[in-house]
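Each remark here refers to the structure printed beneath this line.
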Amino acid sequence: MATLLVASAAVTVLPGVTATAEPAAEHGTVTAYEPRPPGWAGSDRAWYVEYTTESPTGGTTVASGAVLVPEGAPPPGGWPVIAWGHGTSGLAPQCGFTATDGRYDADIVARFQDQGYAVVAPDYLGLGPTAETPHPYLHSRTEATATVDLVRAAVSANPDLSDTWAVVGVSQGGHAALNAGHLAGSRAPELDFRGTAALAPATNIDKAFALVGPYVPEIPGLDGATAYFAAALAGLRVAAPDLDLAAYLTPTGAELVDGLETLCVQDWGDRVGGASLGSLMTRPAFDGELASRLQQYMAVPTAGYDRPVLVTHGYADTTVPVVTTLALLGEFQVAGTQYEFHTYDVEHGGIVDASWPQLLPYLAGILAPA
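Just so we're aligned: the sequence shown equals residues -19 to -1, 1 to 351 in mature numbering (1 follows the signal peptide of the UniProt record, and there is no 0).
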């Protein structure tokens, strides 16, 4: 998301997103539940799961994820559950948590299990073997529904799990965690949702993207922003097929948006090849409906949270600059949303370790037996 976002994240305060009607009865139904060998994704006991959830256009689809359970007998009532939202991994089926055997997240899974928590980890739509479309990157709605519905599926399939749960995520996963935490109570009232932790969440990105146009020059260090913007456009095209995205894209932009659909994040930089944000666009995003559609697609709710919210961020973060989170917290204050916030002298990649001393007691407090 790069440094461009610093200048534009707080320009406009848009209203929060309101949860929509909940859910089709079949969502959260297990369609496959397969064991994985010990040590898979950092877990003592692990399962790959497929389950029904909401599609990017509001229908029903099948998603995938992991259920990761500590070794030994569960405590009375079962293992409390952490839904883990991973960071940006790509747009293609080979990029998700289960497709990569959870190797990028194995350390955090093991650390949660050491504290006595089971972990469920959604692939997000489009990032696993059930993918029907490219991943709708940073799509608030399906990040939330895929997460909540996986918890429903996991609890129904595994008797060792408690129905008490919290959601934790980093970067894109922080964005997903906030959206899932906002939706959890209304979508799965049969579960006992306790709260949200969002580490360096990718929020207010829609406000920055709304300002992108052909006038944005080539600026050293912004290759990452170009890739994130193109990935969001590829995802928006999945969730809003009625939008005439082609009317905004140059040949360079169209080629990049198409090209990212088959790649994982490690290959995005080579694919961008130094293209600037401006080189992707024939007209500004705010000319017509693109900016408003991006807001509908990826904005994070600012009101309506009914459980605790913890947010952390590194003030040396140049991937998701802390100003984006500060803008979100300002919106929380205006909306009357209560939150706990901690910041650290770390870059983006250091936020999990830096947050750990605050995250652990926060989780212990909200997940304590009633």
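We treat Cβ as the ideally placed atom computed from N, Cα and C, and that holds for glycine.
| Item | Value |
| --- | --- |
| When you compare each of I89, S143, W65 and P55 to T177 by their alpha carbons, which one comes out closest? | W65 |
| Taking the C-alpha atoms as reference points, what is the distance between A308 and Y296? | 13 Å |
| Can you name the start and end residues of the beta strand (DSSP E) that S143 belongs to? | L142 to V151 |
| By the three-class DSSP mapping on this structure, what secondary structure does Y29 have? | strand |
| With distances taken between CB atoms, is the gap from Y98 to T123 smaller than 9 Å? | no |
| Expressed to the nearest angstrom, what Euclidean distance is found between the alpha-carbon atoms of V11 and D130? | 10 Å |
| What are the partner residues of D88, as DSSP defines its beta bridges? | Answer is none; D88 lacks a bridge partner. |
| P4 by DSSP, collapsed to three states: which one? | With a pLDDT of only 48 at P4, under 50, the local geometry of the prediction cannot be trusted, and no value is derived from it. |
| Do Y29 and R133 count as a contact pair if the criterion is CB distance below 9 Å? | no |
| Ends of the alpha helix (DSSP H) at P61? | It is not in any alpha helix (DSSP H) - P61 instead sits in the beta strand (DSSP E) that spans W60 to G66. |
| Give a yes or no on contact between the segment 223 to 233 and the segment 300 to 319, applying the rule of three or more CB pairs nearer than 8 Å. | no |
| List, from N- to C-terminal side, the alpha helix (DSSP H) runs of 4 residues or more that fit wholly inside the segment 216 to 270. | 232 to 241 and 249 to 253 |
| Helix, strand or coil for Y278, going by three-state DSSP, please let me know. | helix |
| Whole angstroms is fine: what's the gap from residue 367's alpha carbon to F267's? | Absent from the model: residue 367. The displayed extent of the chain is -19 to 351, so no value can be given. |
| Can you give, in chain order, each stretch of the beta strand (DSSP E) that sits fully within the segment 164 to 200 and has at least 3 residues? | 173 to 180 |
| Can you check whether the CB of S152 is closer than 9 Å to the CB of A112? | no |
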